[in-house]
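Just so you know, we're using this note's numbering here: the sequence shown kicks off at 3 and counts up by one.
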Amino acid sequence: MHAEHAKPLASGSTGNCITIAARGGYISIQDDKLPGEERRARTQVYTPAELAAFVADAKAGRYDHLI
């Protein structure tokens, strides 16, 4: 999946962030600190429903123990 990934506004110019893009009914997430080829190879792709479920769980605190 190739799409233009957007950085969060809070990331500044450090390049240490997660980027996100939508294309063809899927949402892709990349780790911006990885070199280009590795970043593309390790892109994670989700459906909107999958990502919505993850965000809902994160908002509910389900993953708080990980950070």
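Note that CB positions come from ideal geometry on N, CA and C, so glycine has one too.
- Cβ-Cβ distances below 6 Å link S30 to M3, A23, T45 and V47 in the same chain, with the five nearest sequence neighbours on each side left out; the list follows chain order.
- Distances from the alpha-carbon of Y28 to those of N18, T49 and R64 put T49 closest.
- The closest CA to that of R25, considering only E40, N18 and H7, is found on H7.
- Per DSSP, R42 has no beta bridge partner at all.
- Using a Cβ distance threshold of 8 Å, K9 and D34 count as a contacting pair.
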